[in-house]
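Undergrad:
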Amino acid sequence: MSMALVQCKECNREISDRAATCAQCGYPRRPPPWTHLVFKIVIGLAATLFLGMVVLWMVLAWVTRKPIDIDMPDPAPSATSQLQDAPLRIG
Numbered sequence: 009m010s011m012a013l014v015q016c017k018e019c020n021r022e023i024s025d026r027a028a029t030c031a032q033c034g035y036p037r038r039p040p041p042w043t044h045l046v047f048k049i050v051i052g053l054a055a056t057l058f059l060g061m062v063v064l065w066m067v068l069a070w071v072t073r074k075p076i077d078i079d080m081p082d083p084a085p086s087a088t089s090q091l092q093d094a095p096l097r098i099g
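When you read off a place in the sequence shown, starting at 1, and then add 8, the result is the number in our numbering.
1) Could you check the C-alpha separation between T43 and W70 for me, to the nearest Å?
2) Here's a check: name, in chain order, each residue in its chain whose Cβ is nearer than 6 Å to the Cβ of E18, leaving out the five neighbours to either side.
3) What residue does the beta strand (DSSP E) around I76 start on, and which one ends it?
4) May I ask you to report which of helix, strand or coil DSSP gives I23?
5) Taking the beta strand (DSSP E) that Q32 belongs to, which residues open and close that run?
6) Assuming T29 contacts R37 under a Cβ cut-off of 8 Å, what Cβ separation, rounded to an integer in Å, is found between them?
7) Assign I98 to buried or exposed, taking buried as 16 or more other Cβ atoms, counted over all protein chains shown, within 10 Å of its Cβ.
8) Measure the C-alpha to C-alpha separation of M80 and V46 and round it to an integer number of angstroms.
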């Protein structure tokens, strides 16, 4: 395997054909691998799908909610309420 030298498009220096960037000016010789782009797209789609499912769950929970029907017993009169209702006798 031989290593060829090519010219940097930015500074015209000779760089390796396997170099990702020019050592002199830092100009990228080739775009980043497509796997990075695919990975970002997959992560974005997964996050969007997850958030969509959460929102759908919340909407369905709101739409299908049922009112809570609790039968509360009538409160028995307490001793303090009987004292408050009694006439005040001074004497």
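C-beta atoms are modelled at their ideal positions from N, C-alpha and C, and glycine is treated no differently. Being a predicted model, the structure only gives us computed values, none of them experimental.
TA: Quick look at the numbers:
1) Approximately 40 Å, taken between the alpha carbons.
2) Short of 6 Å from the beta carbon of E18, and not among the five residues preceding or following it, lie these beta carbons of its own chain, in chain order: C33 and Y35.
3) Taken as a continuous stretch (DSSP letters only), I76 belongs to no beta strand (DSSP E), as it is neither H nor E.
4) Assignment of I23 by DSSP, reduced to helix, strand and coil, places it in the strand class.
5) First-last for Q32: undefined, no H or E at that position.
6) A Cβ-Cβ separation of about 6 Å places T29 in contact with R37 under the 8 Å criterion.
7) Within 10 angstroms of the beta-carbon of I98 lie fewer than 16 other beta-carbons, which makes it exposed.
8) Going from the Cα of M80 to the Cα of V46 covers about 59 Å.
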